[in-house]
Amino acid sequence: MGRALARHWRLPLAVAIIALAAFAVYRLQAAYSGENTATPAGAADQIVPFNPKRVTLEVFGAPGATATITYLDINASPRTVENAVLPWSYDDTTTTPAVATNIQAQGTGSELGCRITIDGVVKVERSSQGADSYVFCLDKSG
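This note's numbering puts the first residue of the sequence shown at 0, with every later residue one more than the last.
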């Protein structure tokens, strides 16, 4: 037996090294890995919307005048309204943490204005006078 071991000593040594390495990996994984934090399907907490924001976009001018209005809705999708009778407004509510709003208008009257209101607070208001007036309002703070 001693003669066979002397001739084939590499195989038992390799098996011993592999077993020792596997045990070391097992122990290190147990020591440094966190607890299993996976949640089962359907057990995740519901995200409840909070702090709703009411966003109002307005275009105003001489009564009966019309304007072509381009704006970003609360989902940041561009929208266009052709020949809108003034005064015009867009009102919506969102629970997103921030809202970037933009409104542009070109009217047929001699005066034109725009206003962005969030939760009843006027964030931006501008006006323009002259034939075929153009006005824009931009708010990134909402």
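All C-beta atoms, glycine included, are put in the ideal place defined by N, C-alpha and C.
query = Tell me which same chain residues have a C-beta within less than 8 Å of the C-beta of GLU81, skipping the five on either side of it?
reply = THR67
inquiry  = Given this structure, state the Cα-to-Cα distance separating GLN105 from GLY60, to the nearest angstrom.
reply    = 11 Å
message = Using CA atoms only, rank isn't needed, just tell me which of SER32, TRP8 and ARG114 is closest to PRO86.
response = ARG114
task = Below 8 Å on the Cβ atoms is my guess for PRO77 versus THR65; work out the distance and round it to an integer in Å.
result = No, PRO77 and THR65 are not in contact; Cβ-Cβ is about 20 Å, not under 8 Å.
task = Please work out which residues of its chain come closer than 6 Å, Cβ to Cβ, to VAL24, disregarding the five sequence neighbours upstream and downstream, and give them in chain order.
result = none
request  = Look at the Cβ atom of VAL134, then the Cβ atom of SER127, and state whether they are nearer than 7 Å.
outcome  = yes
task = Could you spell out where the beta strand (DSSP E) holding ILE68 opens and where it closes?
result = 65–71
ask   = Going by other Cβ atoms of all chains shown within 10 Å of its Cβ, with 16 needed for buried, is VAL98 buried or exposed?
value = buried
ask   = Which runs of the beta strand (DSSP E) fall wholly inside the region 48–130 and span at least 3 residues, in chain order?
value = 52–60, 65–71, 77–84, 87–93, 100–106, 110–117 and 120–128
request  = Run the CB neighbour count on VAL14, radius 10 Å, all protein chains shown included, and call it buried at 16 or more, exposed below.
outcome  = exposed
key: Cβ-Cβ distance between PRO51 and THR92 below 7 Å   = yes
query = Can you tell me whether THR116 is buried or exposed, with buried defined as 16 or more other CB within 10 angstroms of its CB?
reply = buried
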